[in-house]
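S.K.: Each residue of the sequence shown is one higher than the last, beginning at 121 in the working numbering.
Ideal Cβ placement from N, Cα and C applies to all residues, glycine included.
These numbers were taken from a predicted model, which means no experiment stands behind them.
My questions all concern the structure below.
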Amino acid sequence: MTVWVDGSVSHCGRSIPLGDLRTTDFESFWNSNELQRVRGLFRRDALLQAHCMPTCNVLMAMRSDEFVPNQIETATTEAIPDTEIRFEPTDRRPSFMLLQLSDFCSLGCPMCCYGEGEDLKAKLAKSQVLPTEVFDHLLPVWPKLRTLELLGGELFDLPWQNHPLRRLFADLENHGHPDLNVKVVTNGKNLDERWCRYLLEHSFVDCVSFSIDSAHPDVYPTIRRRGNLERTLENLGRLASLRTASSRPRVHVTALLGNHTAPTLLHLAETCERIGADRLDIQPMNPMGDPQFHFDNNIFQPRFVPELVALWRDLTTLDFDSNRADILAMIESFLRFLGRADEIVAENATVPQFAQYRGDRTLGPIARRTEVAQSFVAKRDTLRRIRLQFATYARTNTKPIDLSVETDAREPVLQLQVDPRDLVDNAWHDVQVPVTTLRPGRDYRIRLASRRSNGNDCVTLRGTDSLTTQVRVGRRKQAASLAMMVF
Ligand SMILES: C[S@@+](CC[C@H](N)C(=O)[O-])C[C@H]1O[C@@H](n2cnc3c(N)ncnc32)[C@H](O)[C@@H]1O
Ligand code: SF4
121 MTVWVDGSVS
131 HCGRSIPLGD
141 LRTTDFESFW
151 NSNELQRVRG
161 LFRRDALLQA
171 HCMPTCNVLM
181 AMRSDEFVPN
191 QIETATTEAI
201 PDTEIRFEPT
211 DRRPSFMLLQ
221 LSDFCSLGCP
231 MCCYGEGEDL
241 KAKLAKSQVL
251 PTEVFDHLLP
261 VWPKLRTLEL
271 LGGELFDLPW
281 QNHPLRRLFA
291 DLENHGHPDL
301 NVKVVTNGKN
311 LDERWCRYLL
321 EHSFVDCVSF
331 SIDSAHPDVY
341 PTIRRRGNLE
351 RTLENLGRLA
361 SLRTASSRPR
371 VHVTALLGNH
381 TAPTLLHLAE
391 TCERIGADRL
401 DIQPMNPMGD
411 PQFHFDNNIF
421 QPRFVPELVA
431 LWRDLTTLDF
441 DSNRADILAM
451 IESFLRFLGR
461 ADEIVAENAT
471 VPQFAQYRGD
481 RTLGPIARRT
491 EVAQSFVAKR
501 DTLRRIRLQF
511 ATYARTNTKP
521 IDLSVETDAR
531 EPVLQLQVDP
541 RDLVDNAWHD
551 VQVPVTTLRP
561 GRDYRIRLAS
571 RRSNGNDCVT
581 LRGTDSLTTQ
591 VRVGRRKQAA
601 SLAMMVF
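Here is the structure:
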């Protein structure tokens, strides 16, 4: 559920409002005819008919074959008559919610609808905060809610006196679920020591996300106009360092993705690591704010294929915790949509010919008779490098790992050893191989074994068993499980 500052409410932050919590109580909205229709459409997986945006970041990441960046027009759908939809009230309650407490912001980011206007006094006078009656109507939501994300405007631009966050946190303290997690999104400029300590005092604050976009001193001011990079980084560093051993709240950084930020993303990740942030989230840019800025910087356009290829290359090297796998899925699906993916992979040795980027679980251990194998289809005529992610358990492992490549008919192509003492825990590791001839279109298998490894002297590989990691190779889909790139 998403509640906007004027009290309008919807089932999703990227969808149209379907009710008004100033005039309606929560129950009347939640079981309204329109919400019952939405739930019925979701049950049938008719997401677009249920008002989902085809360019929603979540859909583009999770179902990248179906939802391609920047392709609204391909998403036409047939209407589903009400007679084919199951309408039924529910006594369940929202578990996830986005809430906009204020729409004032003193910055002037060109990609954002809250960035317009130079006269800050006039802007403040026109701005709204969430009305009291909406706070009242939200009281029945808190006991069941598990995740609450706060949007802006910029919360910390408002004066402390009568600040809507203080009313909200009082309600959450009195009515919130004991396991509630709150995420606060901010540009960070005015998150001073007082606010920092206030957030730290509330254990339900699970994450504070700083929208920085680029930490490059020449680029930052062209996006976060009237922002202050130095002060923002200082505020982030203070929050990160004042945390107790529980490491709460997590400190995230977000970067809007575009031509303006793509070349500085690796620099931003290095900055995050240096100042104590935990994760970098990269967000594709929606068409908001200044249309010319969007047109100039939206990287998902056919004329920006070289920029996308450079970004693809950069993201394959990114080790800092991030949603890089989602963005890589979007890049590949966009290039496939343009019909350019195969040609780019064939010509460009800096991007992988096969890749599965997710490493959310471990696979293995590689020890005694247990081998780990992953097949791939060659898209180039040579093999030069294999990038894998190992979990070493931060200990020194000593027994060598045998890596072999064979054809689908089990003919050996290559054999070498990986020294486990060189591996870094949970990070990409490049295995350089002698240049080896492959036949494009043919299936190969990479095998890892370590007969002499055992118990406490062995490594595992990272990978995933999530359904979202099906990678498409040419017209074929492969269930790829290892976190692996083949160059
Ligand atoms: C509107 S801001 C409000 C909170 C705060 N002022 C900030 O900048 O984080 C919320 C998030 O929306 C992002 N945002 C701004 N313009 C966007 C766009 N055109 N497409 C996608 N996200 C955008 C911001 O970078 C920020 O992470
Ligand atoms: S700081 Fe946040 S709300 Fe303000 S203009 Fe920038 S993105 Fe929009």
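#1: Three or more C-beta pairs closer than 8 Å, one from the region 243 to 258 and one from the region 199 to 210: is that the case here?
#2: Using only the alpha-carbon positions, how far apart do residue 145 and residue 431 sit?
#3: Are the Cβ atoms of residue 207 and residue 274 separated by less than 8 Å?
#4: Mind listing, in chain order, the continuous beta strand (DSSP E) runs of no fewer than 3 residues lying wholly within the region 305 to 368?
#5: Assuming the contact rule is C-beta atoms closer than 8 Å, residue 356 and residue 335 should be a hit. Round their C-beta distance to whole Å, please.
#6: Since residue 389 and residue 371 should fall inside the 8 Å C-beta cutoff, what is the C-beta to C-beta distance between them, to a whole number of angstroms?
#7: Rounded to whole angstroms, what is the Cα-Cα separation between residue 261 and residue 240?
#8: Quick one: give me the first and last residue of the alpha helix (DSSP H) that residue 150 is part of.
#9: What does residue 513 pair with, by DSSP beta-bridge criteria?
#10: Sort out for me which residues DSSP pairs residue 372 with in a bridge.
#11: Given a cut-off of 8 Å on the beta-carbon distance, is the pair residue 129 and residue 141 in contact?
#12: Helix, strand or coil, according to DSSP, for residue 464 in the structure here?
#13: When we look at the beta-carbon of residue 578 and count the other beta-carbons within 10 Å, is it buried (16 or more) or exposed?
#14: Let me know the alpha helix (DSSP H) ranges lying completely inside the region 230 to 311, each 4 residues or longer, listed in chain order.
#15: Check whether the region 488 to 506 touches the region 555 to 565, taking contact to mean three or more Cβ pairs, one atom from each stretch, closer than 8 Å.
#16: Buried or exposed for residue 280, going by 16 or more other Cβ atoms inside 10 Å?
#17: Going by beta carbon distance, what residues of the same chain come within less than 6 Å of residue 124, once the five residues before and after it are set aside?
#18: Buried or exposed, going by whether 16 or more other CB atoms sit within 10 Å of the CB of residue 596?
#19: For residue 446, which residues of its own chain have a beta-carbon under 6 Å away from its beta-carbon, when the five flanking residues on both sides are left out?
#20: Please give me, in chain order, every unbroken run of the beta strand (DSSP E) with length at least 3 that falls completely inside the region 423 to 459.
#21: Let me make sure I understand the geometry here. Which of 509, 510, 515 and 481 has the alpha-carbon closest to that of residue 585?
#22: Okay, do the region 450 to 468 and the region 530 to 547 touch, 3+ Cβ pairs below 8 Å being the bar?
#23: Just the residues with CB closer than 6 Å to a heavy atom of ligand 3, in chain order, which are they?
#24: Would a C-beta distance cut-off of 8 Å place residue 300 and residue 292 closer than the cut-off?
M.R.: Straight from the coordinates:
#1: No: the two stretches stay apart, fewer than three of their Cβ pairs being nearer than 8 Å.
#2: Locating residue 145 in the sequence shown gives position 25, where the first residue counts as 1. Locating residue 431 in the sequence shown gives position 311, where the first residue counts as 1. A direct Cα-Cα distance of roughly 47 Å separates residue 145 from residue 431.
#3: What you label residue 207 is simply residue 87 of the sequence shown in a count that begins at 1. What you label residue 274 is simply residue 154 of the sequence shown in a count that begins at 1. Not closer than 8 Å, so no.
#4: With a minimum length of 3 residues, the continuous beta strand (DSSP E) runs that stay inside the region 305 to 368 are 325 to 331.
#5: Translated into positions along the sequence shown, residue 356 becomes position 236. Translated into positions along the sequence shown, residue 335 becomes position 215. Not confirmed; about 10 Å, so no contact.
#6: What you label residue 389 is simply residue 269 of the sequence shown in a count that begins at 1. What you label residue 371 is simply residue 251 of the sequence shown in a count that begins at 1. In fact, because the Cβ distance is near 14 Å, the residues do not count as touching under 8 Å.
#7: Your numbering for residue 261 matches position 141 in the sequence shown. Your numbering for residue 240 matches position 120 in the sequence shown. If you take the alpha carbons of residue 261 and residue 240, they lie about 34 Å apart.
#8: Here residue 150 corresponds to residue number 30 of the sequence shown, with the count starting at 1. Where residue 150 is concerned, the enclosing alpha helix (DSSP H) stretches over 146 to 150.
#9: As a position in the sequence shown, residue 513 is number 393, starting the count at 1. Its beta-bridge partners do not exist; DSSP assigns none.
#10: Locating residue 372 in the sequence shown gives position 252, where the first residue counts as 1. According to DSSP, residue 372 bridges with 329 and 399.
#11: In the sequence shown, residue 129 corresponds to position 9, counting from 1. In the sequence shown, residue 141 corresponds to position 21, counting from 1. Going by beta carbons, residue 129 and residue 141 fall inside the 8 Å limit.
#12: Indexing the sequence shown from 1 puts residue 464 at position 344. Annotated three-state conformation of residue 464 is helix, per DSSP.
#13: As a working note, residue 578 is residue 458 in the sequence shown. Buried, because 16 or more other Cβ atoms sit within 10 Å of the Cβ of residue 578.
#14: With a minimum length of 4 residues, the continuous alpha helix (DSSP H) runs that stay inside the region 230 to 311 are 240 to 246, 252 to 258 and 284 to 295.
#15: Between the region 488 to 506 and the region 555 to 565, the count of Cβ pairs shorter than 8 Å is three or higher; the stretches touch.
#16: Counting from one through the sequence shown, the residue named residue 280 turns up at place 160. Using a 10 angstroms sphere on the CB of residue 280, the tally of other CB atoms stays under 16, which defines it as exposed.
#17: Within the sequence shown, residue 124 is the residue found at index 4, counting from 1. Cβ neighbours of residue 124 beyond the five flanking positions: 220.
#18: Locating residue 596 in the sequence shown gives position 476, counting from the first residue. Since pLDDT at residue 596 reaches only 39, below the 50 mark, its modelled position is unreliable, and no value is offered.
#19: For this step, residue 446 is matched to residue 326 along the sequence shown. 181, listed in sequence order.
#20: For the region 423 to 459, not a single whole beta strand (DSSP E) run of length 3 or above is found.
#21: Against the sequence shown, residue 585 aligns to sequence position 465. Answer by Cα proximity: 481.
#22: Taking 8 Å as the limit for Cβ pairs, the verdict is that the region 530 to 547 does not touch the region 450 to 468.
#23: Absence of ligand 3 from the depicted structure is noted, with ligand 1 and ligand 2 being the only ligands included.
#24: Indexing the sequence shown from 1 puts residue 300 at position 180. Indexing the sequence shown from 1 puts residue 292 at position 172. Against a cut-off of 8 Å, the Cβ pair of residue 292 and residue 300 comes out as a contact.
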